[in-house]
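Student:
Protein chains in written order, with the numbering used here: chain A, 1 to 458; chain B, 1001 to 1458.
1) Counting only Cβ pairs nearer than 8 Å, list the residues of chain B close to residue 350 (chain A).
2) Smallest Cα separation from residue 340 (chain A): which of A:446, A:369, A:361, A:325?
3) In or out: residue 1219 (chain B) buried (at least 16 other Cβ within 10 Å) or exposed?
4) Leaving out five residues on either side along the sequence, give the residues of the same chain with a beta carbon under 6 Å from the beta carbon of residue 1097 (chain B).
5) Only counting runs of 4 or more residues, tell me where the alpha helix (DSSP H) segments fall wholly within the region 1114–1169 of chain B, in order along the chain.
6) DSSP state of residue 1009 (chain B), grouped into three classes?
7) Within 10 angstroms of its Cβ, does residue 1432 (chain B) collect 16 or more other Cβ (buried), or is it exposed?
8) When you compare only the Cα positions, how much space is there between residue 311 (chain A) and residue 446 (chain A)?
9) Residues of the region 1049–1079 of chain B with a CB closer than 8 Å to any CB of chain A: list them in chain order, please.
10) Within this structure, are the beta carbons of residue 1435 (chain B) and residue 1300 (chain B) separated by less than 8 Å?
11) Output yes if chain A places a C-beta closer than 8 Å to the C-beta of residue 1261 (chain B); else output no.
12) In chain order, what residues of the same chain lie with their CB nearer than 7 Å to the CB of residue 304 (chain A), ignoring the 5 residues before and after it?
13) Output yes if chain B places a C-beta closer than 8 Å to the C-beta of residue 457 (chain A); else output no.
14) Are the C-beta atoms of residue 271 (chain A) and some chain B residue less than 8 Å apart?
15) What's the call for residue 282 (chain A), buried or exposed, on a 16-neighbour Cβ count within 10 Å?
16) Strictly below 7 Å CB to CB, what residues from chain B border residue 160 (chain A)?
17) Hey, would you say residue 138 (chain A) sits closer than 8 Å to residue 272 (chain A), going by beta carbons?
18) By alpha-carbon positions, which one of B:1288, B:1444, B:1126, B:1018 ends up nearest to residue 1100 (chain B)?
19) Residue 346 (chain A) versus chain B: which residues are under 8 Å apart at the beta carbon?
20) Does the beta-carbon of residue 1095 (chain B), which I'm using as the reference point, lie nearer than 7 Å to any heavy atom of the ligand MN?
21) Can at least three beta-carbon pairs, one atom from the region 1368–1382 of chain B and one from the region 1416–1426 of chain B, be found at a separation below 8 Å?
22) Could you tell me the alpha carbon to alpha carbon distance between residue 5 (chain A) and residue 1074 (chain B), rounded to whole angstroms?
23) Over the uninterrupted alpha helix (DSSP H) stretch that includes residue 1287 (chain B), give me the two end residues.
24) Nearest by alpha-carbon distance to residue 408 (chain A): which of B:1429, B:1286, B:1197, B:1080 is it?
25) Going by CA-CA distance only, name the one from A:94, A:241, A:197 that's closest to residue 1164 (chain B).
26) Going straight from the alpha carbon of residue 234 (chain A) to that of residue 78 (chain A), what length do you get?
27) Inspect the CB distances between the region 1245–1260 of chain B and the region 1144–1159 of chain B and report whether three or more fall short of 8 Å.
28) Among residues of its own chain, excluding the 5 on either side of residue 1294 (chain B), which ones have a beta-carbon nearer than 8 Å to its beta-carbon?
29) Roughly how many angstroms separate the alpha carbons of residue 1330 (chain B) and residue 1378 (chain B), rounded to a whole number?
30) So which residues on chain A does residue 1410 (chain B) lean against when the C-beta distance must stay under 9 Å?
31) Looking at chain A, is there any beta carbon in it that lies within less than 8 Å of the beta carbon of residue 1193 (chain B)?
32) What does DSSP give as the partner residues of residue 1190 (chain B) in its beta bridges?
33) Could you please tell me which residues of the region 1304–1319 of chain B, in chain order, have their CB closer than 7 Å to any CB of chain A?
34) How far does the beta strand (DSSP E) with residue 1246 (chain B) in it reach, from first residue to last?
35) Under the DSSP definition of a beta bridge, which residues are partnered with residue 91 (chain A)?
36) Can you tell me which of B:1151, B:1104, B:1153, B:1108 puts its alpha carbon nearest to the alpha carbon of residue 1129 (chain B)?
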């Protein structure tokens, strides 16, 4: 089936690099420009280490920096770590300050230190300061490239500065300029569109928007996400506790961090520990990350299945129960997971608070009763028809009915409890739920069967 | 535990509304301003229908429109449907054109028609045109409020227009103005910051950025997401197939749609059909949405468990197997789901293509072999220690080893196959995987046990 792909972009890249020295950076760039950005990212991740080093050294730091933005930070960090520190520093120098810090933050400390030593001293200091902030706070995510003008300036002075530094500012995300007091405290925002319409002799103070919104430097990702969810701004100024402006967090940085976290959570929920796996990682690492969750899971499974081991006599008498145990376990798990998903989403959207146990209990108990009755009746009827024994139907159906109620109520509540005590609800709810509902389901089915043994043993 | 919440905002709102008529809209607004946006959203969704109608009629259409932006589109649609059509129209009139269309698109056709009839004729025509586009395309997501100037204008003419329409444009997201030919075709983009620095007698053509990027009106959400992923723009012009500019898709609209879809997918993957459930929906609807998936799942479970029913003689002879069947089923499901998650993420990030079966097979088969060996050895040893029978250990461990390989390989490949044939991989991979691995696991364990029956029956 692989033949569907006529040319493999990474092989094309290598072919270009391998051809004679007259093929220069421009030719390779021209080829890359023909690829969709996703195609480029895939090609970069498929190149062998030495091929990738040759590619980036041919392309030069500026273009390399642009290409690396297409990759996941963890991938970029892996690539940069392979390089000599001076080459790595040259590429990082071309990136916006927030991307630079994100990538250095993903590296081993000693690799990061070697690169920092090769950066320009000013940049290195600035990066070190930013690395001191938690990467998922405003401090760790802000850029330091922004325009700030003193309150007492006139429009004409601002325009002169914009003209004089046109070149340097062209890399900035200039939609706004910020107005600061003499102490550096943020006092207003100047929109470019208002600057267009202003008279040159006006004071900036008279056209700025006063009391601008800002975010404390310690704000976490959740707060930033909520801020941009509520406000359609493209960036927000970051201030320290004295009100001094330190930088800007861009909406795109918050989006990327949130998407990364969601994608990490998705892998974590599926049992890939650490939330990172790319198929070009070494086999040993991939296997280990998956095994670390599987080995916890096998213990949970053994605990749940040990309930069955207590009832081997009943099972021996009614071997048909062995068919129904996995069904009851799986169906209850599904019903419970639906409630988990609804709770996690309502927590994320802020529609339920972690202490609202009573409300969630009431809402879920009623659904558990309805769905449990329907499913229990269905499975009970099938058990009855199969073996012609109404008591077997009652045991199996009754166990599924009761266990569905337990699973749905627990599924609704577990995420609230975990969140309330500061745990990661998305990560831990599933395993806790299925272990408890498995145990409870096995116990219900087998103890009901034991009680009715004289009626169902054949 | 509910006492932790000292005042419930929705009860406060009702109290304000119920107090005498001297409490006017401003008082209610002042109270709402004290709430965090998430708190407001939660309060709105907890109000009874008649309370909500009273609240919005007291607040007036403009403020109501601002509040509704805090809610999920489906919730806003539910609220708007309750209102008299003229009130609903007045509120929608205050929203940006893309939000307006999204909300009408969530409604029943007849409710939407009644509101359209009450809108101003121009707006109604524009909404009808936009409703004709698929809501998850550029056409369905664009806003029609944008600035466009003819190519031959001078800077001074643009500035005059901006001054004259300052009021009306203040609702626009003005970061850019667009330059169009006489036929309306997009020919350039004018940045506000360049306008600031230009001489009034220059032609707009001389300072515009030529050949701007644009998106065809039929582009889907995936293409829009990729566009904004690759480019740090805040909006992109939408053109028809003649190059005529129709509107702008804003980055925020694409983000919201992507987040909505991700959150819908999350619920869908957890078996809530249609991907929508809020706990303030009617019980019957919530129960039905969950049951529709559970009833499919019970059929899949019965198919898988029917394999066990074929081997009741073997089970009868070795009742201990009943303890291991649910463990083998669950562990294989977990191993397979890890591979599913990695494949889905690599598909989303474009790091693997749907036709790369061989690559994924090789990468997963090796992990399946390693992890299957570890887990099989573990479970086999436990089975041996429990019953003192090495053959039982070999049967149980061997079944888990083989089934882990099957599960991991299938888990890696199923999302690729589904994607290749145009199905929703996130939705269907899990159920298909677990049904197949359950059947295969039961079959492997019980057929190995049957073959070794003379050695393990006690």
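Quick reminder that beta carbons are idealized off the backbone N, C-alpha and C, glycines included.
Tutor: Short version:
1) Chain B residues near residue 350 (chain A): 1038, 1039, 1041, 1042.
2) A:361
3) buried
4) 1143, 1144
5) 1121–1131, 1138–1141, 1155–1164, 1166–1169
6) helix
7) buried
8) 7 Å
9) 1070, 1072
10) Cβ distance < 8 Å, so residue 1435 (chain B) and residue 1300 (chain B) count as in contact.
11) no
12) The answer, listed in chain order, is 435, 438, 439, 442.
13) no
14) Using beta-carbon distances, residue 271 (chain A) counts as an interface residue toward chain B, with a partner under 8 Å.
15) exposed
16) Simply none; closest approach about 10 Å.
17) no
18) Between residue 1100 (chain B) and the set B:1288, B:1444, B:1126, B:1018, the nearest pair of CA atoms involves B:1126.
19) 1278, 1279
20) No copy of the ligand MN occurs in the structure displayed, which carries no ligand at all.
21) no
22) Residue placement at residue 5 (chain A) cannot be trusted, given a pLDDT of 47 that sits under 50; what the coordinates show is reported in the next sentence. Approximately 41 Å, taken between the alpha carbons.
23) 1283–1309
24) B:1286
25) A:197
26) 30 Å
27) yes
28) 1271
29) 15 Å
30) Ordered by position in chain A, no residue passes the 9 Å Cβ test against residue 1410 (chain B), which lies about 15 Å from the chain.
31) yes
32) B:1177
33) Of all residues in the region 1304–1319 of chain B, only 1305, 1308, 1309, 1312, 1315, 1316, 1319 come within less than 7 Å of chain A when Cβ atoms are compared, listed by chain position.
34) Residues 1245–1250.
35) DSSP, once it has assigned bridges, lists no residue as partnering residue 91 (chain A).
36) B:1104
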